[in-house]
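*Asks:* Before I ask anything, let me first share the structure, which is written out below as structure tokens.
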Amino acid sequence: MHETIQARFQAAAPAVDFCSLRLVSTRTEQLWVRQDILQPVNTSTDVGAMLTVMDGGGLGYAATSDLSESGLREAAQRALTWAQRTQDQCVVDYRKVAMPRPQLEYSSPVEIPWDSVPLTQKIDLLREICGQLKTNDAIVDWEASLWFTEEESLYLTTDGARALQHMSYLVPDLGVVANKGTESQQRTFAARGYCRQGGLEVLDTGDFRTAGPQIAEEAVQLLTAPNCPEGDMDLVLAPDQMLLQIHESIGHPLELDRILGDERNYAGTSFVTLDMFGSYRYGSDLLNITYDPTRKDEFASYGCDDDGLPATREHIIRNGILERPLGGVVSQKRAGIEGVANSRAASWNRPPIDRMANLNLESGESTLDELIGQVEQGVYMKTNCSWSIDDSRNKFQFGCEWAQLIENGELTTVVKKPNYRGVSATFWRSLKGVGNEDTVDVLGSPYCGKGEPNQCVRVGHASPPCLFDKVSVFGGA
Amino acid sequence: MLNPFSDLSDDLCTQLQGDEVLTLFLRGEESDFVRFNKGTVRQAGHVQQATLELDLIDGSRHASARITLSGDPAIDRDRAATQLSVLRDLIPYLPEDPYLLYSKDVQSTDRTAKNQLPESGEVVDSILGECGGSDLVGIYASGAIHTGFANSLGQRNLFTTDSFHFDWSFYHQADKAVKCGYAGTEWELEAFQRKVESGRRQLGVIERSPRTIEPGRYRAYLAPTALYEILSLMCWGGFGLKAQRTKRSPLLRAVEGEAHLKSGFDLRENTRDGLAPSFESGGFLKPDQVDLFVDGNYKDPLVSPRSAQEYGVATNGAGSHERPESLDLGAGDLATDSVLQELGTGIYVNNLWYLNYSDRPSCRVTGMTRFATLWVENGQVVAPVNVMRFDDTVYRILGEQLVGLTDSRELLLDSGTYERRSTDSARLPGALVDDLKLTL
């Protein structure tokens, strides 16, 4: 098929400054057992292509699911029309953007392919795991699911660039709701955070097969737990909350297209400005953030981004100092600053924009016990359930499913409805403890939304647990 | 797009065997998207896409799949026929589904309108011409949206709307901006010019020196666009039967009669006056309206066919997410023209942003002010307010602390484009609230 598409693309492409085709085919299968009953098996196959034309400084794109030569020709003509129409009207003269010319192939690491295990066996596994969740009469809803996605993308330019990438994603999840009267508490399997690239071997990296009973017990435990206390105190965040903290208050504010203003009408702007790179103290000396596409089992690894820029590991923040933004080739040209290969599209029907990919907090030297041991009075929170932050990505408030008090260096009472709030620009400077490599969890999310038109992409965040000094913490109403 | 869908449906239905039943659900669009920043074009393009959901039913067993249609009838016939065979082969391996429910009463509908949209390039010229010199950022989306249902029992439901949505902001500096919108099915230059002029007038206020206010409780006016954010969050699991029966609903206390909103608060799903299709993927038609709250008291849930079967009640044609698509909140008696005077001293909130639950069982929500939030003293607008976080329960905001709703309403069209352009809408008044809790 690739050769056929390549030939049709070459025949359909107009003679312009730059023309690319991005073909994306995706297959998904979602298996879901709820209250021990198999829900409808959802499968989908999707294929289409986006043609992008730059000519005379203008840019146009056209996305089509008609992959015949005439279909691609029509799309090319539409893209060309928009490129011509926007000459002298664009935010940047696209003639000045040197688009990459990749030559590469990339694939996810897969040890146990999804299709190597029969459907009935996968359903039986989910039934078995779901069956472990109803451990108490207070549990009113319980479920286990697997979401598999296989995606292949082919990127071509008329002058010979070619990148072929084959990805395999798996998202396992568990959920339990416990209820008493009008009080309900939910526990999940890291809120779908244990998502990885790979095959069914992913299920053995995050205790998916055995985590159920503990999650169920915790949900019931929360029903009778006291509210999280209110006050300024030390806060230890587990990796499945750190992923959200990194995502919202480091990742988004460092997206270069936000800094350049593209997102101001929707996802928002950023408190970060271009002059901060190279000198701004974003966090304490303990804060080291990398854009790392080389961790191949992480959710958003790839060989090159959707503008063809090869992906390499880069420090974003080093010893607390801001070094570079998350910006792809177009944004880098507009800003005159180096970024990373993160120009990404949700699929063939959306144009690439600056996105997070794998954005990780590098490990420190403490065990989890050592982090908790430093705390005289504080809270340990895990598993995100609420997120809200202002449009400059500064004032945030996040909530977790589960928390435990820390008193005199030890975990004590379980508390419910834990929330905390702060300001990104100062919060990371209160980082005073970082877990070591053994405490790191490689997590991510299938749902990062942004862009006009809107796009939802996968992101990866690997992090150890971290300790923060004097954070404003509080509980429920 | 809908004519080929009908032909494809007819063709697939002839391929059924024995007692098989087939349902088909099409969603497609032909859209132009033009993205602006700093009064120039960032990206411009076109998206043509269509997906077909097939559900093959054999007794109580069924299997479903979603495929992309190419637009070429011959290719799509082959793709769909192949998928049908795959589903047929899959069914024997699946257990019976106790909650399967599909429409067996044939009720066909056809809601299509003549396309009156201008060529998008002309609109872009118009936008850049009218807004020249302004720091404009936003998106223009335009074109046809198609939805179709067909089943082997002979039902056909077709829906097409040709519409546009220009959603934009005029920026002063940093995060100080005015949010604007113009949407419809016919582009009228004079109407657009009035919107531009109105936005620029508001920008004059935004250019004043901003005021930073301390956390505390404030009297607040929530414009319809701000109120829409709160109601949209409530739609996230608030009104569906499944969320209620599984005790996940943030409105559980209202459902159980332990809490209520202000008397006179009448909220409904108003399909009749909304813009969304009136049918769901199993072929059930939606009633003209479903009362969600009546006189401040929780009334009826939205019920998908699957929930209907699971909980033994009748469906009201809700989609699988059981989420309102055409919200309608009744007007109050607060004179819209005197909102500033009624507000007196407090904050006038045009937009809220990034709402979430901070205590779901208590329906406590948090979020940020955004765009034009103004400090008002003695009924006079004084200055823009730097962004503030609120954190309060819906039962207070729309219950005990709700002073009143305005006597006029705005029709708000959802500008969302995740996966495809939305057809959701809301018709809402503004709300005057006492003691809104600001926390950061």
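Protein chains in written order, with my numbering: chain A, 40 to 516; chain B, 21 to 460. Virtual Cβ for every residue (Gly too), placed ideally from N, Cα, C.
Within the continuous alpha helix (DSSP H) that includes Met254 of chain B, where are the two ends?
*Replies:* Residues 244 to 255.
*Asks:* What does Arg86 of chain B touch in chain A if you count any residue whose Cβ is under 9 Å from its own?
*Replies:* Per Cβ cutoff of 9 Å: Thr67, Asn81, Thr82, Ser83, Thr84, Asp85.
*Asks:* Tell me, please, which residues DSSP counts as bridged to Met548 of chain A.
*Replies:* A question about residue 548 of chain A goes unanswered here, because the residues of chain A that appear run from 40 up to 516.
*Asks:* Under 9 Å Cβ-Cβ, which residues of chain A neighbour Ser123 of chain B?
*Replies:* Ordered by position in chain A, no residue passes the 9 Å Cβ test against Ser123 of chain B, which lies about 16 Å from the chain.
*Asks:* List the residues of chain B that Asn493 of chain A touches, going by C-beta distances under 7 Å, in chain order.
*Replies:* Correct list: Gly436, Thr437, Tyr438.
*Asks:* Between Tyr100 of chain A and chain B, is there a C-beta pair that is closer than 8 Å?
*Replies:* Yes, Tyr100 of chain A counts as interfacial toward chain B.
*Asks:* Considering only residues of the segment 245 to 303 of chain A, which uninterrupted alpha helix (DSSP H) runs meet the minimum length of 4 residues and lie entirely inside it, listed in chain order?
*Replies:* Listed in chain order, they are 251 to 262, 278 to 285, 295 to 298.
*Asks:* Relative to the alpha-carbon of Ser123 of chain B, which residue among B:Arg176, B:Pro138, B:Leu104, B:Asn135 has its alpha-carbon at the smallest distance?
*Replies:* Of B:Arg176, B:Pro138, B:Leu104, B:Asn135, the residue nearest in Cα terms is B:Arg176.
*Asks:* Interface residues of chain B around Arg197 of chain A at Cβ under 9 Å?
*Replies:* Contrary to the premise, residue 197 of chain A reads as Thr rather than Arg in this sequence. Within chain B, no residue comes near Thr197 of chain A; the closest Cβ sits about 18 Å away, beyond 9 Å.
*Asks:* Using a beta-carbon distance below 8 Å, is Glu401 of chain A in contact with chain B?
*Replies:* No, Glu401 of chain A does not count as interfacial toward chain B.
*Asks:* Compare the beta carbon distance of Ala230 of chain A and Asn423 of chain A with 8 Å and say whether it is the shorter of the two.
*Replies:* Yes, they are a contact pair.
*Asks:* Reducing DSSP to helix, strand and coil, say where Leu114 of chain B ends up.
*Replies:* Note: Leu114 of chain B maps to coil in three-state DSSP.
*Asks:* So Ala83 of chain B contacts chain A; which residues on that side make the cut at Cβ distance below 7 Å?
*Replies:* Neighbours of Ala83 of chain B on chain A, chain order: Val80.
*Asks:* Quick one: which chain B residues come within Cβ less than 9 Å of Gly488 of chain A?
*Replies:* Result: Tyr438.
*Asks:* In this structure, what does DSSP give as the bridge partners for Val401 of chain B?
*Replies:* According to DSSP, Val401 of chain B bridges with B:Val396.
*Asks:* Can you list, in chain order, the residues of its chain whose CB lies under 7 Å from that of Asp130 of chain B, leaving out five sequence neighbours each side?
*Replies:* Closer than 7 Å at Cβ, skipping near neighbours: Leu178.
*Asks:* Name the DSSP beta bridge partners of Asp78 of chain B, please?
*Replies:* Bridge partners of Asp78 of chain B: B:Arg81.
*Asks:* Flag this pair as yes or no: are the beta carbons of Tyr341 of chain A and Pro332 of chain A separated by less than 8 Å?
*Replies:* It is a contact, given that the beta carbons lie within the stated cut-off.
*Asks:* The alpha helix (DSSP H) that contains Trp121 of chain A, what's its start and end?
*Replies:* From DSSP, the alpha helix (DSSP H) with Trp121 of chain A extends over 108 to 124.
*Asks:* Could you check if Tyr330 of chain A is buried or exposed, using at least 16 other CB atoms within 10 Å of its CB as the buried criterion?
*Replies:* Buried, because 16 or more other Cβ atoms sit within 10 Å of the Cβ of Tyr330 of chain A.
*Asks:* Could you have a look at Ala70 of chain B and say whether DSSP puts it in helix, strand or coil?
*Replies:* Reduced to three states, the DSSP call for Ala70 of chain B is strand.
*Asks:* Hey, Cys169 of chain A and Val86 of chain A: beta-carbon distance below 8 Å or not?
*Replies:* Taking 8 Å as the Cβ cut-off, Cys169 of chain A and Val86 of chain A do not qualify as a contacting pair.
*Asks:* Can the beta-carbon of Glu261 of chain A be found closer than 8 Å to that of Lys421 of chain A?
*Replies:* Here residue 261 of chain A turns out to be Leu, not Glu, going by the sequence shown. For Leu261 of chain A and Lys421 of chain A, no; Cβs fall outside 8 Å.
*Asks:* Could you tell me which chain B residues have their CB closer than 7 Å to the CB of Thr159 of chain A, listed as they occur along the chain?
*Replies:* Residues of chain B passing the Cβ test: Tyr113.
*Asks:* Are Phe186 of chain B and Ser154 of chain B touching if we call contact CB-CB under 8 Å?
*Replies:* No, the pair does not count as a contact, with Cβ atoms beyond the cut-off.
*Asks:* Check Asn358 of chain A in the structure and name its three-state DSSP category.
*Replies:* If DSSP states are grouped into helix, strand and coil, Asn358 of chain A belongs with coil.
*Asks:* Is the distance from the Cβ of Leu452 of chain B to the Cβ of Val405 of chain B below 8 Å?
*Replies:* Cβ distance not < 8 Å, so Leu452 of chain B and Val405 of chain B don't count as in contact.
*Asks:* Is it true that the CB of Thr65 of chain A sits closer than 8 Å to the CB of Tyr265 of chain A?
*Replies:* Per the sequence presented here, residue 265 of chain A reads as Pro, with Tyr not at that position. No, Cβ-Cβ distance for Pro265 of chain A and Thr65 of chain A is not below 8 Å.
*Asks:* Would Ser252 of chain B count as contacting chain A if we go by Cβ distances under 8 Å?
*Replies:* With 8 Å as the cut-off, Ser252 of chain B does not count as an interface residue toward chain A.
*Asks:* Among A:Met93, A:Pro139, A:Tyr145, which residue has its Cα nearest to the Cα of Arg124 of chain A?
*Replies:* Among A:Met93, A:Pro139, A:Tyr145, the Cα nearest to that of Arg124 of chain A belongs to A:Met93.
*Asks:* Flag Asn376 of chain B as yes if its beta-carbon sits less than 8 Å from any beta-carbon of chain A, otherwise no.
*Replies:* Output row for Asn376 of chain B: interface = yes.
*Asks:* So is Phe53 of chain B in contact with chain A if we call contact Cβ pairs under 8 Å?
*Replies:* Answer yes: the Cβ-Cβ gap between Phe53 of chain B and chain A drops below 8 Å somewhere.
*Asks:* Is the CB-CB distance between Val407 of chain B and Arg384 of chain B below 8 Å?
*Replies:* Their beta carbons are not under 8 Å apart, which means Val407 of chain B does not touch Arg384 of chain B by this criterion.
*Asks:* Check for me: the beta strand (DSSP E) holding Ser318 of chain A runs from which residue to which?
*Replies:* Premise fails: Ser318 of chain A is in no beta strand (DSSP E) and is neither H nor E.
*Asks:* Whose CA, out of A:Gly367, A:Ala442, A:Ser386, lies closest to the CA of Pro139 of chain A?
*Replies:* Comparing Cα positions, the closest option is A:Gly367.
*Asks:* Determine which residues of the segment 138 to 162 of chain A have a Cβ less than 9 Å from any Cβ of chain B, and write them out in chain order.
*Replies:* Residues passing the 9 Å Cβ filter: Pro157, Leu158, Thr159, Ile162.
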